[in-house]
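Numbering (UniProt numbering), first residue to last: 1 to 285.
Here's the structure, in structure tokens; my notes come after.
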């Protein structure tokens with residue numbers, strides 16, 4: 001997705017200026033009594049928007065979400081979004097690089113993947129106050145920069161992500177066993193890495209040392225979808241990102257996604273969206 005506009009953590013013009021790997025700002029300071037309007041773009045960092053009071057509109061990977069009180073948006077690097085944040089909104093905007101959260105340890109990596117798997121959290125007032133106090137503490141440490149402040153921020157980020165995962169698990173109380181969840185997370189990680197070259201169910205099953213039947217059973221029990229459906233959805237999402245956020249030709253997008261036969265790619269896209277790539281680009285814009 002090299003042509004999609006990218007906001008870097010320390011270079012963006014329309015968002016707060018952060019250090020190279022972490023930053024946090026108060027929403028009310030950013031707005032200064034005016035609406036914040038951001039057109040379609042993506043980030044190379046994790047983006048956490050925490051709203052004590054909020055109004056507006058937010059669209060992440062072409063899915064619309066309401067901007068409301070007691071809500072948290074948690075975005076992964078590479079996701080495409082645009083939003084309008086109305087004046088009067090309050091809270092925090094926090095950004096951090098992957099390397100800040102877990103430079104070496106794999107345990108925080110899995111925690112971060114779980115927390116960011118959900119892009120939108122709407123919380124009751126008591127739970128939100130608990131989480132917001134963590135943001136208050138992070139902001140204070142980041143502002144004062146006393147000895148050890150980076151370690152304290154990292155520790156509180158882990159607490160925040162753990163609490164979000166807890167809340168998500170409560171929301172989905174019927175989630176399946178730990179083994180199935182772990183295999184699902186492994187599959188999604190492999191899909192993100194290998195989708196341009198590997199599009200067959202058997203390839204991902206082999207990577208996970210599972211049979212295609214076992215993999216499909218796990219995905220059906222956790223997400224209610226087959227492996228083929230998830231592969232196709234991911235390809236279509238990537239195609240949409242390119243079509244809307246770049247001026248690349250359809251043939252270039254097809255090649256980038258691993259399709260040498262452009263005609264086949266066009267038929268594949270239309271089958272899953274009811275639009276040709278060019279029609280989708282025209283209608284969305």
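Backbone N, C-alpha and C define an ideal beta-carbon position, used for all residues, glycine too.
Excluding the five sequence neighbours on either side, which residues of its own chain have a C-beta within less than 8 Å of the C-beta of residue 112, listed in chain order?
Scanning its chain for C-beta atoms nearer than 8 Å, with the 5 sequence neighbours on each side dropped, one finds around residue 112 the residues 46, 98, 101, 102 and 161, in chain order.
Any idea what DSSP makes of residue 228, helix, strand or coil?
DSSP, reduced to helix, strand and coil, places residue 228 within a helical segment of the structure shown.
Identity of the residue in 231, 28 and 118 nearest residue 91 by Cα
28
Can you tell me which of the three DSSP states residue 267 falls into?
helix
Closer than 8 Å is the cut-off here; do at least three beta carbon pairs connect the region 63 to 73 with the region 118 to 126?
The region 63 to 73 vs the region 118 to 126: in contact.
Would a C-beta distance cut-off of 8 Å place residue 61 and residue 80 closer than the cut-off?
In this structure, residue 61 lies near residue 80, with their beta-carbon atoms less than 8 Å apart.
Per DSSP, what kind of secondary structure is residue 15 in: helix, strand or coil?
Low confidence applies here, because residue 15 scores a pLDDT of 46, under 50, leaving its location unreliable; read the following figure in that light. DSSP places residue 15 in coil when its eight states are reduced to three.
Should the region 181 to 193 be regarded as contacting the region 129 to 146, the criterion being three or more beta carbon pairs within less than 8 Å?
no
Span of the beta strand (DSSP E) holding residue 121?
Bounds of the beta strand (DSSP E) holding residue 121 are 120 to 122.
Given residue 53 as reference, the closest of 132, 177, 110 and 82 once Cα atoms are compared:
Residue 53 has its Cα closest to that of 132, out of 132, 177, 110 and 82.
Please determine, among 195, 283, 214 and 24, the residue with the shortest C-alpha to C-alpha distance to residue 50.
Ranking the options by Cα distance to residue 50, first place goes to 24.
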